[in-house]
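For the first sequence, counting from 1, position 566 maps to 566 in full-length UniProt numbering; every step adds exactly one.
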Amino acid sequence: MSRYNARTVEPKWQKAWEDADTFRAVRKDNRDKYYVLEMFPYPSGRIHIGHVRNYTMGDVIARYKSSCGFSVLHPMGWDAFGMPAENAAMASGGHPKDWTYDNIAVMREQMKPLGLSIDWSREFATCDPDYYGQQQALFLDMLAANLIYRKEATVNWDPVDMTVLANEQVIDGKGWRSGADVERRDLTQWFFKISDMAEELLDAIDGLDNWPAKVKLMQANWIGKSRGLRMAFNLTETIADFDNIEVYTTRPDTLAGASFIAIAPEHPLARALAEQDTKLADFAIDVRKGGTTEEALETAEKLGYDTGLTVKHPLYDGQTLPVWVANFVLMDYGTGAIFGCPAHDQRDLDFARKYDLTVIDTFVAIDDDTRVESTAFVPPKTDTVKWINQPAGVDVATGQEAIDATIEWAETQGIGTGETQFRLRDWGLSRQRYWGCPIPVVHCEDCGIVPEKKENLPVELPDDVNFDIPGNPLDRHPTWRDTPCPACGKAAKRETDTMDTFVDSSWYFARFTSPDAEDPTNADDAAYWMNVDQYIGGVEHAILHLLYSRFFARAMHLTGHLPASAIEPFNALFTQGMVTHAIYQTRDGAGRPVYHLPEDVDEAAKTLRATGEPIEVIPSAKMSKSKKNVVDPVDIIDQYGADTARWFVLSDSPPERDVEWTAAGADAAWKFLGRVWRLATDLPEGSDTDPALERATAQAIHEVTQGIETFGFNKSVAKLHEFANTIQKSDAGPGAKRQAIKTLAQLMSPMTPHLAEEIWSHLGGEGLIANASWPKADEALLVEDTVTLPIQVNGKRRSELTVPKDTPKEELEKQALADNAVMRALNGAAPKKLIIVPGRIINVVV
RNA sequence: GCGGUCGUGGCGGAAUUGGUAGACGCGCAGCGUUGAGGUCGCUGUGAGGUAACACUCGUGGGGGUUCGAGUCCCCCCGACCGCACCA
Numbered sequence: 001m002s003r004y005n006a007r008t009v010e011p012k013w014q015k016a017w018e019d020a021d022t023f024r025a026v027r028k029d030n031r032d033k034y035y036v037l038e039m040f041p042y043p044s045g046r047i048h049i050g051h052v053r054n055y056t057m058g059d060v061i062a063r064y065k066s067s068c069g070f071s072v073l074h075p076m077g078w079d080a081f082g083m084p085a086e087n088a089a090m091a092s093g094g095h096p097k098d099w100t101y102d103n104i105a106v107m108r109e110q111m112k113p114l115g116l117s118i119d120w121s122r123e124f125a126t127c128d129p130d131y132y133g134q135q136q137a138l139f140l141d142m143l144a145a146n147l148i149y150r151k152e153a154t155v156n157w158d159p160v161d162m163t164v165l166a167n168e169q170v171i172d173g174k175g176w177r178s179g180a181d182v183e184r185r186d187l188t189q190w191f192f193k194i195s196d197m198a199e200e201l202l203d204a205i206d207g208l209d210n211w212p213a214k215v216k217l218m219q220a221n222w223i224g225k226s227r228g229l230r231m232a233f234n235l236t237e238t239i240a241d242f243d244n245i246e247v248y249t250t251r252p253d254t255l256a257g258a259s260f261i262a263i264a265p266e267h268p269l270a271r272a273l274a275e276q277d278t279k280l281a282d283f284a285i286d287v288r289k290g291g292t293t294e295e296a297l298e299t300a301e302k303l304g305y306d307t308g309l310t311v312k313h314p315l316y317d318g319q320t321l322p323v324w325v326a327n328f329v330l331m332d333y334g335t336g337a338i339f340g341c342p343a344h345d346q347r348d349l350d351f352a353r354k355y356d357l358t359v360i361d362t363f364v365a366i367d368d369d370t371r372v373e374s375t376a377f378v379p380p381k382t383d384t385v386k387w388i389n390q391p392a393g394v395d396v397a398t399g400q401e402a403i404d405a406t407i408e409w410a411e412t413q414g415i416g417t418g419e420t421q422f423r424l425r426d427w428g429l430s431r432q433r434y435w436g437c438p439i440p441v442v443h444c445e446d447c448g449i450v451p452e453k454k455e456n457l458p459v460e461l462p463d464d465v466n467f468d469i470p471g472n473p474l475d476r477h478p479t480w481r482d483t484p485c486p487a488c489g490k491a492a493k494r495e496t497d498t499m500d501t502f503v504d505s506s507w508y509f510a511r512f513t514s515p516d517a518e519d520p521t522n523a524d525d526a527a528y529w530m531n532v533d534q535y536i537g538g539v540e541h542a543i544l545h546l547l548y549s550r551f552f553a554r555a556m557h558l559t560g561h562l563p564a565s566a567i568e569p570f571n572a573l574f575t576q577g578m579v580t581h582a583i584y585q586t587r588d589g590a591g592r593p594v595y596h597l598p599e600d601v602d603e604a605a606k607t608l609r610a611t612g613e614p615i616e617v618i619p620s621a622k623m624s625k626s627k628k629n630v631v632d633p634v635d636i637i638d639q640y641g642a643d644t645a646r647w648f649v650l651s652d653s654p655p656e657r658d659v660e661w662t663a664a665g666a667d668a669a670w671k672f673l674g675r676v677w678r679l680a681t682d683l684p685e686g687s688d689t690d691p692a693l694e695r696a697t698a699q700a701i702h703e704v705t706q707g708i709e710t711f712g713f714n715k716s717v718a719k720l721h722e723f724a725n726t727i728q729k730s731d732a733g734p735g736a737k738r739q740a741i742k743t744l745a746q747l748m749s750p751m752t753p754h755l756a757e758e759i760w761s762h763l764g765g766e767g768l769i770a771n772a773s774w775p776k777a778d779e780a781l782l783v784e785d786t787v788t789l790p791i792q793v794n795g796k797r798r799s800e801l802t803v804p805k806d807t808p809k810e811e812l813e814k815q816a817l818a819d820n821a822v823m824r825a826l827n828g829a830a831p832k833k834l835i836i837v838p839g840r841i842i843n844v845v846v
């Protein structure tokens with residue numbers, strides 16, 4: 001009996017597939033296609049085990065669909081622009097381009113031994129001038145189609161390094177390198193008009209049948225459609241040309257509880273006042289230190305500045321409300337001004353308590369008149385509450401009814417109008433950085449902003465740049481900016497902003513359908529291959545990447561680059577979980593954790609091997625180099641082979657959940673594959689058959705197939721274990737076993753393709769297993785003729801009954817009541833109730 | 001802070017979607033094989049209880065709906081993901 005040697009077997013079959021060009025995606029117009037795509041990786045330098053899990057799942061689908069007869073497209077590329085390359089250049093002096101392409105080369109070589117069924121001939125990186133040149137062409141078409149415009153937007157500004165910072169470069173409100181307090185600065189930037197499509201993007205979510213409900217919900221919440229009231233509060237005196245303040249509120253029903261007006265520090269009125277009031281000007285600057293993230297704004301301490309102005313209360317003649325400038329009011333949303341109703345909004349309440357403003361209840365719970373003290377009363381809009389004070393005159397109603405009534409009342413009174421707002425903002429695509437796709441426009445003194453001519457694309461990044469000083473090297477390049485104006489030919493300057501890397505990843509799936517086309521896409525290829533039938537990636541992309549891609553597909557359709565059928569580019573989405581690993585730590589003298597590599601730890605004794613010191617084990621933690629709990633796929637493949645790694649990442653955890661990598665689990669996977677190989681060897685030919693094995697085979701085919709179809713790979717793996725156990729324990733003859741094992745190999749082939757090929761060829765299978773058709777279950781063998789029904793007494797299982805499948809209800813009743821456990825429970829009495837669900841369960845209530 | 005998800009034996013997890021909780025695997029124990037083993041095979045394994053049954057408890061905690069709840073509803077606790085310039 002030969003021992004299975006992955007180290008020689010795996011490269012052998014990888015070469016066989018390559019020689020036969022097995023995985024080349026070929027457009028066959030008479031055949032159905034299937035497009036499987038995993039979110040492409042950022043070339044960080046090494047693949048990690050999360051990549052292995054992601055690509056293995058995609059590979060299972062790709063190989064399975066291929067053996068079902070589909071023409072499969074399964075490509076791979078690189079999301080290659082972005083900050084880490086510039087950071088590396090700053091840290092060690094290299095060039096982002098070299099760093100990126102070197103990393104890609106390393107990662108490609110690490111990925112190939114996994115035996116993925118990828119059509120590598122379609123590979124590209126988003127930093128290839130060919131790719132980003134096509135992206136520039138898309139930009140120009142979208143600009144012409146009025147899908148892109150310029151406006152001012154706020155960025156994080158590091159006043160010491162004199163550069164724009166990404167949110168992740170702002171740590172506790174300070175610049176990551178300089179440590180200076182981050183300021184906010186307005187720059188004129190390019191924007192995609194995604195908000196014009198807010199309604200459409202929201203409505204179309206309903207049609208995404210094969211997307212996870214949670215992702216659809218998150219997208220809908222992100223788009224954030226709300227109906228509210230826009231109304232003006234008249235100032236008691238006109239100041240700097242303002243005679244009122246417009247507010248937008250989604251809770252107009254709380255108008256009677258208004259006790260102050262708050263405006264954003266960037267509100268035009270606040271700015272006008274700040275010109276005269278240096279304290280307010282200082283306040284506005286002070287309050288905007290720290291980052292621009294929504295999280296930073298919302299968790300910051302609520303601060304306000306009393307302008308001394310007042311507005312007239314729209315409901316009560318003679319009453320006025322004070323006007324404050326407040327840091328928690330955002331200029332981006334609504335009108336940049338709100339009325340504060342402390343009784344029914346926690347932020348407003350915190351603010352009111354801090355600055356001693358009044359709190360006026362407008363409604364209370366139906367059965368509890370308690371007034372608001374330190375916790376705002378904010379029931380769901382669907383709850384019915386009792387109104388103490390309501391301009392529209394309702395007294396008991398749900399929040400939503402009161403909102404609708406108030407809007408109607410306000411409209412008839414002429415003090416406001418109902419308005420639908422979206423939370424979704426336009427997508428700012430400008431980045432003040434080098435390593436991105438240059439925005440192909442030219443600034444001309446005479447003509448203004450002029451699009452570059454398409455024949456001059458790609459506008460390539462210059463190579464001769466350095467990163468010695470912070471800031472954008474394109475800005476300070478001696479010649480790169482100089483170019484003739486595409487309109488008048490006079491000397492002009494190029495735009496130095498580059499594109500957000502989300503742009504790169506918003507259409508790569510379309511480019512894969514025709515990676516060498518001379519336009520962004522080829523109409524025939526796009527029509528054939530789009531949409532992506534199965535998209536697989538992490539939940540962290542649930543909102544931005546997927547929403548931007550949905551927008552882009554629509555924009556590409558409007559500019560003639562995608563067919564109308566492709567405006568929702570991903571037919572099915574699957575979000576997979578992380579691969580985690582335990583952290584092993586001890587404590588230093590100061591109680592800080594000291595991390596240890598798994599190989600330095602005695603897992604069973606929970607001690608450090610070298611010193612015997614006890615360790616703390618933190619299970620299921622995200623892998624992180626600094627915590628020394630990273631598993632390198634390259635090591636795993638060296639030790640066990642790719643099939644073991646693939647089998648492990650599909651086992652145990654459902655794919656959408658996190659899976660914990662353990663050495664014991666990897667070992668178990670390796671042992672199982674060895675056992676399957678031993679089953680397949682030393683089996684003579686034979687023409688015998690075995691009905692029990694045939695039935696088990698039919699069941700395995702049925703359940704494994706269902707597992708793959710529903711992304712229940714862990715269930716398929718469990719079923720394959722059972723099937724292998726059944727074959728092993730069967731006393732059938734060699735012919736029947738050979739037949740069962742050939743099917744076992746086929747069922748395992750999407751998961752462990754190398755072992756499957758080896759067994760297939762060993763047992764005389766025809767050609768490559770990768771080209772064999774997926775086995776079909778004999779339906780007749782799947783039908784069971786008897787069922788075992790549990791018998792419950794008061795909902796607890798007490799016994800069971802095995803009967804022919806179509807036993808009538810009366811007979812079930814009779815047999816159940818004759819059951820020993822039931823008779824014991826009844827103790828001579830008649831049952832109170834008898835519930836019989838045919839084929840399911842019998843429940844006797846006593 | 002806002003939005004979203006998850007919580008089941010010693011461990012990873014299953015449960016046909018309201019119908020036998022713990023499939024499958026790891027670990028552990030016993031037996032056999034090997035007798036060099038990071039080998040292989042068989043059997044057992046939620047907790048309590050019993051000679052063995054019976055029985056009792058049990059799906060993060062508390063309450064509810066139901067003949068029946070891991071699954072549905074409410075409250076609480078904990079972990080994780082996203083929050084628009086990380087990718």
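C-beta: ideal position from N, C-alpha, C; glycine also.
- For residue 729, the three-state secondary structure derived from DSSP is helix.
- About 6 angstroms separates the beta carbons of residue 161 and residue 177, which is inside the 8 angstroms limit, making them a contact pair.
- When the alpha-carbon of residue 144 is set against those of 451, 116 and 213, the nearest one is in 451.
- Apart from sequence neighbours up to five positions away, the residues of its chain that approach residue 495 with a beta-carbon distance below 6 angstroms are 439 and 441, ordered along the chain.
- Looking at 366, 139 and 797, the one whose alpha-carbon comes closest to that of residue 561 is 139.
- By the C-beta density criterion, residue 482 is exposed, having fewer than 16 other C-beta atoms within 10 angstroms.
- Note: residue 580 is bridge-paired with 622 and 660 in the DSSP secondary-structure output.
- Classified as buried, residue 742 has 16 or more neighbouring CB atoms from the shown chains inside 10 Å of its CB.
- Along the region 167-211, the beta strand (DSSP E) occurs as fully enclosed runs of 3 or more residues at 183-192, listed in sequence order.
- Residue 458 sits away from residue 434, with the two beta carbons spaced by 8 angstroms or more.
- A residue is called buried when at least 16 other Cβ atoms come within 10 angstroms of its Cβ; residue 102 does not meet this threshold and is exposed.
- Of the candidates 476, 520 and 358, 520 places its Cα closest to the Cα of residue 133.
- Each residue's CA atom was taken as its position, placing residue 523 and residue 64 some 28 angstroms apart.
- For residue 763, there is no enclosing alpha helix (DSSP H), since its DSSP letter is neither H nor E.
- Burial of residue 259 is indicated by the presence of at least 16 other C-beta atoms within 10 angstroms of its C-beta.
- Along the UniProt domain "Methionyl/Leucyl tRNA synthetase" (36-170), the alpha helix (DSSP H) occurs as fully enclosed runs of 4 or more residues at 49-67, 83-92, 96-111 and 129-144, listed in sequence order.
- Taking residue 357 as the centre and dropping the five residues before and after it, the same chain places the C-beta of 259, 260, 322, 340, 342 and 351 closer than 8 angstroms to its C-beta, in chain order.
- Here residue 309 has 235, 239 and 323 as same chain residues with Cβ atoms under 7 angstroms from its own Cβ, once five neighbours each way along the sequence are excluded.
- Between residue 325 and residue 291, the gap from beta carbon to beta carbon reaches 8 angstroms or more.
- Contact annotation, residue 215 with residue 187: C-beta distance approximately 32 angstroms; criterion of less than 8 angstroms not satisfied.
- Look at residue 377 here: in three-state DSSP terms it is coil, with no helix or strand label.
- Between the region 642-658 and the region 47-57, the count of C-beta pairs closer than 8 angstroms reaches three or more; the two stretches touch.
- The straight-line gap separating the alpha-carbon atoms of residue 615 and residue 594 is approximately 10 angstroms.
- In the structure shown, residue 292 falls within a coil segment according to DSSP collapsed to helix, strand and coil.
- When C-alpha distances from residue 98 are compared across 755, 760 and 463, the shortest belongs to 463.
- Listed in chain order, the non-local C-beta contacts of residue 762 below 8 angstroms within the same chain comprise 680 and 681, local neighbours out to five positions each way being set aside.
- Contact between the region 537-546 and the region 34-49 is established, with three or more Cβ pairs separated by less than 8 angstroms.
- Scanning the UniProt domain "Aminoacyl-tRNA synthetase class Ia" (424-581) for uninterrupted alpha helix (DSSP H) segments of 4 residues or longer gives 473-476, 501-504, 508-511, 523-529 and 544-558, listed from N- to C-terminal end.
- Across the structure, residue 831 and residue 198 are spaced so that their CA atoms are roughly 60 angstroms apart.
- Inclusion of residue 573 and residue 212 in the CB contact set at 8 angstroms is warranted, their separation being smaller than that value.
- Contact between the region 24-34 and the region 72-86 is present, with at least three C-beta pairs closer than 8 angstroms.
- Membership of residue 843 in the beta strand (DSSP E) is indicated by the continuous run 841-845.
- Residue burial is scored here from C-beta neighbours: residue 276 has fewer than 16 other C-beta atoms within 10 angstroms and is therefore classed as exposed.
- Within the same chain, Cβ atoms closer than 7 angstroms to the Cβ of residue 82 are found at 42, 435 and 501, the five residues on either side in sequence being excluded.
- Note on residue 219: 16 or more other CB atoms within 10 angstroms of its CB, so buried under the neighbour-count rule.
- For residue 262, the secondary structure class from DSSP, reduced to helix, strand or coil, is strand.
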